[in-house]
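Under this note's numbering, the residue at position 317 of the sequence shown is numbered 1363, and the numbers go up by one with no gaps. Cβ atoms here follow ideal geometry from the backbone N, Cα and C, with glycine treated the same way. Just so it is clear, the structure is predicted and the values come from calculations on it, not from any experiment.
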Amino acid sequence: MSHQTPSDQPVDRRAARPAARHGWLQALVAVLAGLIAMGVVAALGLWASGATDLPDNAYPRVIAATVVTAVGGTIAFTGDAGAIADTKAGLTVIPLSVTLVGALVLAAGFLRPLRHRAVAGTTELAGWAGRIALLWVLALVGLALAARQDFTVSLGDGTIGAIGDLFGATPKVGFKAETGPTIGFGLLWLVGVFVIALLVSRGAPLPARLLRFQESVRPAAYAMVMLLLTCVGIGVVVGLVVAATRGHVSETFAVLLLGLPNLVWLAFTIGLGATWNGRVDGPFGLPMPRLLDEVLRTPDVSTLNLHSLAEHDGRVWWLVVVDAVLLLGAAFLMAARSPARTRAWQHAVHLAVALVLTVLMICLVGRLSAHYGLSILGLGDIGGGLNGEIFLKPQVWGALGFAVLWGLVAGLLGALLAKGVRRRGEVAPR
1047 MSHQTPSDQP VDRRAARPAA RHGWLQALVA VLAGLIAMGV VAALGLWASG ATDLPDNAYP
1107 RVIAATVVTA VGGTIAFTGD AGAIADTKAG LTVIPLSVTL VGALVLAAGF LRPLRHRAVA
1167 GTTELAGWAG RIALLWVLAL VGLALAARQD FTVSLGDGTI GAIGDLFGAT PKVGFKAETG
1227 PTIGFGLLWL VGVFVIALLV SRGAPLPARL LRFQESVRPA AYAMVMLLLT CVGIGVVVGL
1287 VVAATRGHVS ETFAVLLLGL PNLVWLAFTI GLGATWNGRV DGPFGLPMPR LLDEVLRTPD
1347 VSTLNLHSLA EHDGRVWWLV VVDAVLLLGA AFLMAARSPA RTRAWQHAVH LAVALVLTVL
1407 MICLVGRLSA HYGLSILGLG DIGGGLNGEI FLKPQVWGAL GFAVLWGLVA GLLGALLAKG
1467 VRRRGEVAPR
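Written out as structure tokens, the structure reads:
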């Protein structure tokens, strides 16, 4: 006689469902899906920016280099201008649109086989993550080998060109991915994706030792991820409106597909009160609105904050309003997903800590620097447009201080607004 479960006995339906397999084939699918998604976004963005016109069939190699930088890899620039000339170049920037797409796809591939589980053993999680990581390392090696190219630089028809022709100087610049740092930083990026995915997803299992942290960490982590994605969504809408009404469609889509989070997350921190320092010099330009380029294109280092931007366009004060609404929504969402016994001051502390970590992440991945220089016989750039510099870096401690204040206030208000929402752990009155 088969045993029947009494109707009054609770049944854990999630535990009753069979878990999906997570072997090597599933790991390969997850890695390939992430790489393809990143490659497609990078290819479309570079196509919109005109990279298909690069000489020597460089377009596929530039795509590989873009994906390498998107996961934190290192691209080294090389130069060879002959005995009498010298070339110097450097680039540090993360195309966060490509990064974000890859992170979302890889996180989904990592979490999918773990659904319908309440608890997972540490050994099981480590084994599943290790399979993906090993295949990811092989993919990074392939990308690093593919991301290398040399270009010949034209000296033009001016004085520099005449001197170069006289002495037979043919400047060449190129790039190549550094395999060791690319693997190291690429693995750190992958670990970060896994950790955030486990923290954000309510249905993802955790080892038993970590279950006590999920009530305080998961709601705050989920709220911050939703906040960042909402910023990106707003940026997409604004970008499409700009492309439809003001032209420059190719340039706008290049920004959307390569660096949209770089811009909207920068704007988010500025709305909180953060200050960034930067400069734009030479023939280069930043993929950003004209207002930011005007503020940064000065002889000295410029300050980028609400006050400096408001001197050019007073509408930037709306960033404060947008940030307030977004943070209040994030605080409400965090409180609504938290246990009912969590107190208002705890919500405030949780949101403050989460916002500080989020702003710190933006400060680390949002900075950029680029420079290129060519000199012949020590003459440097004489009207040839062969030198330039761009950099943008935050004042970190000030940004984190504003994040603490905003997090405490928004967390407290969000907890008060969520008082009427029924949450987990709350028993309805009879």
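Check                                                                                                                       : Outcome
GLY1085 - containing beta strand (DSSP E), residue span                                                                     : Note, GLY1085: premise wrong, no beta strand (DSSP E); alpha helix (DSSP H) at 1070-1094.
Proximity winner among LEU1350, ALA1097, LEU1372, relative to VAL1362 (alpha-carbon distances)                              : LEU1350
Candidates ALA1356, VAL1151, VAL1114, ASP1327: closest to LEU1189 by CA position                                            : VAL1114
MET1270 to HIS1358 span [Cα, whole Å]                                                                                       : 31 Å
For ARG1194, three-class secondary structure by DSSP                                                                        : strand
Cβ distance (whole Å) where PHE1221 is taken to contact ALA1111 below 8 Å                                                   : 6 Å
Run of the beta strand (DSSP E) containing THR1349, from where it starts to where it stops                                  : 1348-1350
Nearest-angstrom beta carbon gap, VAL1075 and ALA1416 [assumed within contact, 8 Å]                                         : With a Cβ gap of about 36 Å, ALA1416 and VAL1075 do not count as contacting.
Alpha-carbon to alpha-carbon, ASN1308 and VAL1151                                                                           : 19 Å
Beta-carbon proximity list for VAL1005, same chain, < 8 Å, skipping 5 on both sides                                         : With the chain represented from 1047 up to 1476, any question about residue 1005 goes unanswered, as that position is not in the structure.
Within 7 Å, strictly: CB atoms of GLY1148 and GLY1080                                                                       : yes
Beta-bridge pairing of VAL1326 - partner residues as DSSP gives them                                                        : ILE1436
Rounded straight-line distance, which links the Cα of TRP1311 to that of VAL1366                                            : 13 Å
Under 7 Å between C-beta atoms of LEU1244 and ALA1250                                                                       : yes
GLY1453 vs LEU1397 beta-carbon contact at 7 Å                                                                               : yes
Contact check, GLY1457 vs HIS1393, beta carbons under 7 Å                                                                   : yes
Run of the alpha helix (DSSP H) containing VAL1455, from where it starts to where it stops                                  : 1442-1463
Sub-7 Å separation of PRO1159 and GLN1072 beta-carbons                                                                      : yes
Whole-angstrom distance between PHE1437 and SER1095, CA atom to CA atom                                                     : 20 Å
For LEU1252, the three-state DSSP class (helix, strand or coil)                                                             : strand
Burial state of ALA1356, where buried means 16 or more other Cβ atoms lie within 10 Å                                       : exposed
Inter-residue spacing [alpha-carbon to alpha-carbon] between GLU1297 and ARG1248                                            : 39 Å
Residue span of the alpha helix (DSSP H) that contains ASP1369, given as start and end                                      : 1364-1383
Inter-residue spacing [alpha-carbon to alpha-carbon] between LEU1462 and MET1380                                            : 12 Å
Counted within 10 angstroms of its Cβ, other Cβ atoms place TRP1443 as buried (16 or more) or exposed                       : exposed
Local Cβ density within 10 Å of LEU1337, reported as buried at 16 or more and exposed below that                            : exposed
6 Å CB neighbourhood of ALA1153 in its chain, flanking five on each side removed                                            : VAL1239, ALA1243
For LEU1410, the first and last residue of its enclosing alpha helix (DSSP H)                                               : 1390-1412
PRO1345, buried or exposed, once every other Cβ within 10 Å from all chains shown has been counted against 16               : exposed
Cβ-Cβ distance between ALA1449 and LEU1401 below 7 Å                                                                        : yes
Cut-off 8 Å between Cβ atoms - residues of its own chain near PRO1253, not counting five sequence neighbours on either side : VAL1165, ALA1166, GLY1167, THR1168, LEU1171
First and last residue of the uninterrupted alpha helix (DSSP H) at ILE1140                                                 : First-last for ILE1140: undefined, no H or E at that position.
For ALA1111, the three-state DSSP class (helix, strand or coil)                                                             : helix
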